[in-house]
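Counting along the sequence shown from 1, when you hit position 140 you're at 149 in our numbering, and nothing is skipped either side.
The block underneath contains the structure these notes are about, expressed in structure tokens.
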Amino acid sequence: YPLSPSSQDKATIEKFADVYVSKDHSIRELVRAIFSSDEFFGERARFALVKSPVEIVVGTVRMLGVRHVSGTYRTDPHLLPVFTLLLGQELFNPPDVAGWNLNLGWINTAAMLNRFLYADFISINRPNERNPPGLYLDHEQLRRHTKSNPKKTVKNFLSLLGPLPIDSKTRKVLIEYLQTGPGGIAASFTLDDRTIDKQVRGLVHLIMCLSEFQLN
């Protein structure tokens, strides 16, 4: 599995091939060498690949602590396998024996729109008394990472959903969003249930739509 688009160069392959041969063809030692190598932790391996649909869907659930109410896959449109399918990956059913076209192969107009729609669904779906099958983002989970300071709140959620290395301009936009009320009017950031339910959920949506969030 590639660490980056350029990780399959001849020198890198030969380096790990030598480990495999010298360690009596031990897969354990080969994996150990890969996981402790500079290539695995180097800058070129960070945010070099596009997340697959499974990484987007399941990764988001794990990072945000999204709750999942079990249901029937064929009858409910809000379950995990449905989202991966909409994003272009039907689990256990690749398009051919070569598997899926990875990295930029995941990106097209429809797939990106569905990634944004998934972000919208995750951020706005709330539990209700009926608890229908599907996913929802719990209010208390959001509260744990929300601070009275909007800068710290943005920092917390960028770390929670990454950590994501965004530029200062993008960070400023996110902070200003938390300090904007209805109609685009500037407003103070108040740590209360209404703010968490509106602004903080919106912040999660915005972060999930960033280009940096689409990358590993």
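All C-beta atoms, glycine included, are put in the ideal place defined by N, C-alpha and C.
Output the distance between the C-alpha atoms of L111 and L122, rounded to the nearest integer angstrom. In the sequence shown, counting from the first residue as 1, residue 111 sits at position 102. In the sequence shown, counting from the first residue as 1, residue 122 sits at position 113. Spanning the two alpha carbons is a distance of roughly 18 Å.
Across which residues does DSSP place A120 in a beta bridge pair? Locating residue 120 in the sequence shown gives position 111, counting from the first residue. According to DSSP, A120 bridges with nothing at all.
DSSP three-state assignment for A20, whether helix, strand or coil: Taking the first residue of the sequence shown as position 1, residue 20 is located at position 11. Helix at A20.
Those residues which DSSP pairs with A195 across a bridge: Position 186 of the sequence shown, counted from the first residue, corresponds to residue 195. Answer is T189, bridged to A195.
To the nearest angstrom, how far is the alpha carbon of D27 from that of R71? Locating residue 27 in the sequence shown gives position 18, where the first residue counts as 1. Locating residue 71 in the sequence shown gives position 62, where the first residue counts as 1. Whole-angstrom Cα-Cα distance: 37 Å.
T179 beta carbon less than 8 Å from that of V209: Counting from 1 along the sequence shown, the entry for residue 209 is found at position 200. Counting from 1 along the sequence shown, the entry for residue 179 is found at position 170. Cβ distance not < 8 Å, so V209 and T179 don't count as in contact.
At least 3 beta-carbon pairs within less than 8 Å: the segment 57-65 vs the segment 97-107: yes
Is there a Cβ from chain C that is less than 8 Å from the Cβ of T93? Given the protein chain composition of this structure (a single chain), no chain C is represented.
Could you compute how far the alpha carbon of V213 sits from the alpha carbon of H34? Locating residue 213 in the sequence shown gives position 204, where the first residue counts as 1. Locating residue 34 in the sequence shown gives position 25, where the first residue counts as 1. Roughly 46 Å separates the two Cα atoms.
If I follow the unbroken beta strand (DSSP E) through H77, where does it start and stop? As a position in the sequence shown, residue 77 is number 68, starting the count at 1. Its beta strand (DSSP E) spans residues 76-78.
Would you call the CB atoms of L58 and L170 closer than 8 Å? Indexing the sequence shown from 1 puts residue 58 at position 49. Indexing the sequence shown from 1 puts residue 170 at position 161. For L58 and L170, no; Cβs fall outside 8 Å.
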